[in-house]
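The structure appears below as C-alpha cells.
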Amino acid sequence: MKRPDFMALALKEAEAAALRGEVPVGAVIANGAGVVASAGNRTRELADPTAHAEMLVIREACRKLSAERLTGHDLYVTLEPCAMCA
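Okay, structure coming up:
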C-alpha cells in the first residue's frame, strides 16, 4: 500500500467514528509490510476518556505484535495528537 493510502484509511476510520457520534479522528499504524492496525475514536461508545484513535491503534498494534514498542512502524492520524496521545 502506498503511503497516501494509509492516510486514506485513517480518514475512513475518522468517518466511521463520526457516524458513531464520536469526534471524527482516525489512526493507522503501518510498517513495510502494510497496515498493522487501524482505529477511530471510541470515547463515548466505551465511556473511556482515553479511547482516542491514537491510543486504541497503538494498543491494538502492540497486542497483535506482542510488543511494547513499535520500532520501525509509522503512525498516521487525521489530526495533530492531543497532549495525552503525543
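Just so you know, we're using our numbering here: the sequence shown kicks off at 417 and counts up by one.
Glycine included, each C-beta is placed from N, C-alpha and C at the ideal position.
Only a predicted model underlies this, so the values are computations on that prediction, with no experimental measurement involved.
Taken atom to atom, the span from the alpha-carbon of K480 to that of L491 is near 15 angstroms. V452: member of the beta strand (DSSP E) spanning 450-456, first to last residue. Under the three-state reduction of DSSP output, L427 falls in the helix class. If you check the CB distance, A446 and V452 come in under 8 angstroms.
Cβ-Cβ separation between N457 and V441: approximately 5 angstroms, consistent with a contact (criterion under 8 angstroms). Looking at the DSSP output, A446 sits in a beta bridge with V451, D490.
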